[in-house]
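Enquirer:
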Amino acid sequence: MLDYESVMKLALERGFYFPSCEVYADAQAGFWEYGPSGVSLKNKFLELWRRELIRRDGMLEIDGSQIMSKSVFEASGHLGNFADPIIKCMKCNATFRADRTIAELTQIEIPESADLEEFDNAISENNIKCPKCKGDFEKTKNFNMMFKVGIGPEDEEAYLRPETCQSIFVDFPRLYKTMRGKLPLGIAQVGKSFRNEIAPRQSLLRLREFYQAEIEVFCNPSKLSEMEKFSEIQDVTIRIQTDADPVSMTCKEAVETGIVPNKFVAYYLGILTEFYEKTGIDISKSRFRKLGDKEKAFYAEVAFDFEVETTIGWLELVACNYRSDYDLSNHEKKSKQKFEIMDGDDKVLPHVFEISMGIDRSLYTILEHSLEDDKEHERLVLGLKPYLAPMHIGILSLVKKDGLKEKADEIYVEIKRKCDAFLDHSGAIGRRYRRLDEIGAPFAVTVDHQTLEDETVTIRNRDSMEQNRIKISELDSIVISSIAYP
RNA sequence: GCGGAGUUAGUUUAGUCUGGUAUGACGUCAGCUUCCCAAGCUGAAGGCCGCGGGUUCAAAUCCCGCACUCCGCACCA
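One rule links them: number in our numbering = place in the first sequence (from 1) + 2.
So this is what it looks like as structure tokens:
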């Protein structure tokens with residue numbers, strides 16, 4: 003496992019990701035783009051996500067719009083009430099959260115949703131000065147992390163979504179009716195979200211425009227312990243941290259000891275662990291961290307962050323929040339539409355358990371956990387699971403002449419629509435193998451002189467560097483079975 | 001947003017103090033050679049030296065502003 007800088011270098015050199023608009027001086031911070039290798043990895047990661055979570059659990063997937071109306075965020079609480087009150091020092095320009103600074107210096111607790119005047123009054127009454135330079139503060143302002151956009155010629159107010167899940171809540175009544183929904187019902191979405199971070203940093207780890215894969219499981223709150231599927235994962239080991247160090251336990255034990263509140267939540271922590279295990283992330287370096295009341299998002303009743311240890315510390319990859327009926331009841335009130343549904347004989351407003359995954363951070367972590375410096379063979383190897391590799395196979399001619407190039411071309415044309423194949427004729431063969439190792443291609447096929455005699459090629463394994471001679475006619479089935487999803 | 005350190009080719013880097021438009025390595029491309037693990041030889045392409053302004057006969061180099069990257073603080077609903 004190598005460090006952040008090594009992953010960054012690989013990303014820039016091999017087309018995984020790089021800064022957006024980099025040829026222009028006015029490029030903004032916090033925007034990065036995926037190159038060909040990055041897109042390929044991302045697509046395969048998402049296919050695995052669909053297999054391991056969406057299809058496994060019979061969820062529905064939607065694709066909502068990124069720009070959403072003001073009402074959505076009034077109802078969700080992202081606008082108005084939940085903007086952060088901030089104060090800025092007139093002397094040194096340092097910015098602070100008004101509520102927290104006042105509480106720290108005077109013990110006076112003002113809720114963050116209070117009128118801005120209340121903060122200003124508290125500041126002047128208690129003679130609060132900048133903790134850094136003792137300067138005076140400007141008036142309290144609201145800072146909202148959402149990007150506002152103007153729609154149409156009248157610039158009507160709308161917002162880029164700060165999380166993908168609001169579409170799922172808003173669409174729930176229609177989806178439940180038309181898709182013949184039954185609780186518990188998972189609805190999922192992959193897409194971009196936008197947050198106006200004050201200080202974006204560390205490339206993919208804190209972006210202003212980022213990918214989320216979110217799942218909202220709608221459930222009947224009175225049936226959280228009736229989870230038949232629980233038996234599928236009851237013996238899966240998860241790592242949970244409540245206060246001290248993370249502890250490994252089975253999902254069953256987690257429920258029995260009350261560390262996880264019910265079978266319903268434990269089931270999803272279990273399948274999420276199984277999913278991440280298949281991405282190649284080292285699960286022994288992971289934990290579900292139970293969040294305290296102060297850390298939880300405003301909508302969460304119970305929250306576990308799935309975090310993974312990397313060379314730059316623990317990274318939050320997934321937020322698992324029990325959002326209760328917070329979202330549906332607020333949308334019901336605001337829209338005056340019905341969100342209640344029938345579950346058997348019960349009329350219920352479903353509760354929601356959310357599995358909100360950060361895709362970019364997950365991809366970074368997969369890269370970091372997969373990248374090895376193989377000093378013995380003087381090579382960098384990206385030891386990705388074969389089904390996640392940006393390129394599955396390299397087709398190489400040992401030398402260009404004697405018809406070997408043409409033979410390799412033939413094999414490439416035959417296979418390129420069946421998997422991600424890469425054709426390479428130029429340079430020393432060892433160099434070409436190493437190039438493939440760096441983007442994690444699990445196989446390299448080499449056409450040599452014997453190929454022309456008996457229609458066989460050698461196939462090289464990325465990890466062992468061993469080569470076997472196989473018939474060209476067997477190539478398809480060998481490769482395709484090796485790169486299949488588990 | 002605050003403080004600090006940086007920014008030179010795809011990557012990495014010399015040169016900045018002491019002004020005269022840039023060095024090496026790796027990588028890339030073409031050819032030769034070799035013919036299964038980054039070998040060698042020859043050649044080539046690739047630089048608004050982060051951006052803008054100032055000083056100067058002359059700026060990668062000195063000065064100012066800005067942007068970006070990294071680290072720490074704050075923030076992350």
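The beta-carbon is built from N, C-alpha and C at its ideal position, and this holds for glycine as well. Since the structure is predicted, the reported quantities are computational estimates derived from the model, not experimental observations.
Can you give the Cα-Cα distance for LYS296 and PHE20, rounded to whole angstroms?
Expert: Taking the straight line joining both Cα atoms gives about 35 angstroms.
Enquirer: Can you find at least 3 beta carbon pairs, one from the segment 141-159 and one from the segment 47-60, that sit closer than 8 angstroms?
Expert: Judged by Cβ distances under 8 angstroms, the segment 141-159 makes no contact with the segment 47-60, as fewer than three pairs qualify.
Enquirer: Could you check what DSSP says for ARG436 in three-state terms: helix, strand or coil?
Expert: Reduced to three states, the DSSP call for ARG436 is helix.
Enquirer: So, under 8 angstroms CB-CB, GLU279 and ALA190 are touching, yes? Tell me the CB distance rounded to an integer number of Å.
Expert: About 20 angstroms separates the two Cβ atoms, so there is no contact after all.
Enquirer: Between SER78 and the rest of its own chain, which residues show a CB-CB distance below 6 angstroms, the 5 nearest in sequence each way excluded?
Expert: Cβ neighbours of SER78 beyond the five flanking positions: GLN168.
Enquirer: Checking the sheet assignment: what are the DSSP bridge partners for VAL481?
Expert: BP columns for VAL481 are empty, so no partner.
Enquirer: With a Cβ-Cβ cutoff of 7 angstroms, do ILE368 and ILE283 count as a contact?
Expert: Their beta carbons are under 7 angstroms apart, which means ILE368 touches ILE283 by this criterion.
Enquirer: Going by DSSP, what residue range makes up the beta strand (DSSP E) through LEU328?
Expert: Checking the sequence, you will find Tyr at residue 328 rather than Leu. TYR328 -> not in any beta strand (DSSP E); alpha helix (DSSP H) instead, spanning 328-337.
Enquirer: If you measure between the beta carbons of ILE417 and ALA423, is that distance less than 7 angstroms?
Expert: In this structure, ALA423 lies closer than 7 angstroms to ILE417 by Cβ.
Enquirer: Three-state secondary structure (DSSP) at SER399?
Expert: In this structure, SER399 counts as strand in the three-state DSSP scheme.
Enquirer: Hey, ASP138 and MET92 are a contact pair by Cβ (cut 8 angstroms); roughly how many whole angstroms apart?
Expert: Contact flag correct, Cβ pair sits at about 5 angstroms.
Enquirer: Taking the alpha-carbon of ARG363 as reference, which of GLY154, GLU211 and TYR301 has the nearest alpha-carbon?
Expert: Measuring from the Cα of ARG363, the nearest candidate turns out to be GLU211.
Enquirer: Hey, LEU4 and LEU373: beta-carbon distance below 7 angstroms or not?
Expert: Against a cut-off of 7 angstroms, the Cβ pair of LEU373 and LEU4 comes out as a contact.
Enquirer: Just tell me which of GLU76, GLY442, GLN204 and LEU187 has its CA closest to the CA of ILE315.
Expert: The displayed chain sequence assigns Gly, not Ile, to residue 315. Cα-wise, what sits closest to GLY315 is GLN204.
Enquirer: How would you write the range of the beta strand (DSSP E) that ASP375 sits in, first residue to last?
Expert: Where ASP375 is concerned, the enclosing beta strand (DSSP E) stretches over 373-376.
Enquirer: Using the Cα positions of LEU162 and ARG197, report the straight-line distance between them to the nearest angstrom.
Expert: When rounded, the distance between both Cα atoms is 8 angstroms.
Enquirer: Give the secondary structure of ASN146 by DSSP, where H, G and I count as helix, E and B as strand, and everything else as coil.
Expert: Looking at ASN146 - three-state DSSP - the assignment turns out to be coil, as it is neither helix nor strand.
Enquirer: Using a Cβ-Cβ cutoff of less than 8 angstroms, which residues in the same chain neighbour GLU457 once the five nearest sequence positions on both sides are dropped?
Expert: For GLU457, where only same-chain residues beyond five positions count, the Cβ hits under 8 angstroms are LYS473, ILE474 and SER475.
Enquirer: So, do the segment 145-156 and the segment 169-177 have three or more beta carbon pairs nearer to each other than 8 angstroms?
Expert: No, the segment 145-156 is not in contact with the segment 169-177.
Enquirer: Do HIS353 and CYS221 count as a contact pair if the criterion is CB distance below 7 angstroms?
Expert: Yes, these two residues count as a Cβ contact at 7 angstroms.
Enquirer: Can you list, in chain order, the residues of its chain whose CB lies under 7 angstroms from that of ALA519, leaving out five sequence neighbours each side?
Expert: Residue 519 lies beyond the residue range present for the chain, which begins at 3 and ends at 488; the question has no answer from this structure.
Enquirer: Going straight from the alpha carbon of GLU234 to that of GLY60, what length do you get?
Expert: Going by the C-alpha atoms only, they are around 14 angstroms apart.
Enquirer: Please work out which residues of its chain come closer than 6 angstroms, Cβ to Cβ, to THR252, disregarding the five sequence neighbours upstream and downstream, and give them in chain order.
Expert: Here the set comprises ASP237 and THR239.
Enquirer: Which residues does DSSP pair with SER250 in a beta bridge?
Expert: For SER250, which the question treats as bridged, DSSP gives the partners ARG241.
Enquirer: So TYR421 and ILE395 are in contact, right, with Cβ under 8 angstroms, and what is the actual spacing, rounded?
Expert: Note on identity: in this sequence residue 421 is Cys, with Tyr being the wrong assignment. With 8 angstroms as the limit, CYS421 and ILE395 qualify as a contact, their Cβ atoms being about 6 angstroms apart.
Enquirer: Provide the residue span of the beta strand (DSSP E) that contains TYR26, from first to last.
Expert: Premise fails: TYR26 is in no beta strand (DSSP E) and is neither H nor E.
Enquirer: Run through the DSSP bridge pairs and tell me what ASP65 is partnered with.
Expert: According to DSSP, ASP65 bridges with nothing at all.
Enquirer: Can you list, in chain order, the residues of its chain whose CB lies under 7 angstroms from that of LYS298, leaving out five sequence neighbours each side?
Expert: Around LYS298: ALA305.
Enquirer: Indicate the three-state DSSP secondary structure (helix, strand or coil) for LEU369 in the structure shown.
Expert: In this structure, LEU369 counts as helix in the three-state DSSP scheme.
Enquirer: Is it the case that the Cβ atoms of PRO392 and SER39 are separated by a distance below 7 angstroms?
Expert: A contact, by the Cβ cut-off of 7 angstroms.
Enquirer: Whose C-beta lies closer than 8 angstroms to the C-beta of LEU48 among residues of the same chain, with five residues either side of it excluded?
Expert: Answer for LEU48: VAL192, ALA215 and ILE361, listed in chain order.
Enquirer: So, using beta-carbon positions, are PHE355 and VAL219 closer together than 7 angstroms?
Expert: Yes, the Cβ-Cβ distance between PHE355 and VAL219 is below 7 angstroms.
Enquirer: Classify ILE56 as helix, strand or coil using the three-state DSSP reduction.
Expert: If DSSP states are grouped into helix, strand and coil, ILE56 belongs with the helices.
Enquirer: Report buried or exposed for MET344, applying the criterion of at least 16 other Cβ atoms within 10 angstroms of its Cβ.
Expert: Burial call: exposed.
Enquirer: Is it buried or exposed, ILE88, if we count other Cβ atoms within 10 angstroms and call 16 or more buried?
Expert: Buried, by the Cβ-count rule.
Enquirer: Do you know offhand how far ALA246's Cα is from ARG464's?
Expert: So the alpha carbons of these two residues sit roughly 40 angstroms apart.
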